[in-house]
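What follows is one structure encoded as structure tokens, with my remarks underneath.
In my numbering, the protein residues as written are 202 to 428.
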């Protein structure tokens with residue numbers, strides 16, 4: 202799932218149907234506020250990068266406030282090498298979002314994620330959101346079953362967490378004190394290291410429930426730390 206801007210209006214796209222408008226016309230909504238507006242119409246990252254490169258050369262660039270999604274941030278930051286991470290040993294799903302569900306189904310089907318014990322060398326799936334009746338019950342189930350994920354050597358293991366405030370629940374349940382940000386495993390997938398608590402030293406990847414293409418989790422689970 203991603204965002205595009207067409208004719209001054211932003212749309213959500215997921216590849217499964219027509220783009221869906223997610224807000225008003227930017228110029229109509231923001232024009233009366235006063236500051237000069239430059240609206241970039243872009244449907245591909247390459248187009249966005251080209252516009253950003255041109256606008257950064259403009260005389261007013263130093264006084265420009267850039268506002269946008271992760272795609273704009275990536276265009277402003279330039280290309281970065283994905284951060285390495287140890288092999289995934291666990292995958293915690295705290296969302297029912299259809300994007301994540303499709304990603305999980307693909308990862309199970311291609312053999313990169315194990316639904317239960319016995320998947321030697323595979324990331325163990327813990328998906329309380331799929332059986333819970335509410336977010337509150339998801340959190341209860343997560344705390345109850347978190348011990349089922351065996352990370353082994355903390356320094357040689359990583360964990361992926363997706364969905365809402367699932368990461369906060371995991372960190373609280375394990376007594377974590379700090380997350381040291383390392384970089385990104387992929388666009389929109391931060392890599393951090395847990396400090397404190399029983400998972401001290403474990404590398405953790407996180408993403409929102411509605412983010413990423415169908416193969417994202419499969420790629421991350423099979424990368425084995427290589428950028």
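A virtual CB, placed ideally from N, CA and C, is assigned to each residue, including glycine. Keep in mind the model is a prediction, meaning the values are calculated, not measured.
{"Query": "Rounded C-alpha distance that separates residue 390 from residue 381", "Result": "14 Å"}
{"Query": "Residue 337 burial status per 10 Å Cβ neighbour count (16 or more: buried)", "Result": "exposed"}
{"Query": "Euclidean distance between Cα positions of residue 396 and residue 237", "Result": "45 Å"}
{"Query": "Per-residue burial, residue 266 [other beta carbons within 10 Å of its own, 16 or more giving buried]", "Result": "exposed"}
{"Query": "8 Å CB neighbourhood of residue 370 in its chain, flanking five on each side removed", "Result": "295, 340, 343 and 344"}
{"Query": "Terminal residues of the beta strand (DSSP E) in which residue 254 lies", "Result": "Per DSSP, residue 254 belongs to no beta strand (DSSP E); it is in the alpha helix (DSSP H), 246–256."}
{"Query": "Local Cβ density within 10 Å of residue 346, reported as buried at 16 or more and exposed below that", "Result": "exposed"}
{"Query": "N-terminal and C-terminal residue of the beta strand (DSSP E) that residue 206 is part of", "Result": "203–207"}
{"Query": "Beta-carbon spacing of residue 240, residue 252 below 7 Å", "Result": "no"}
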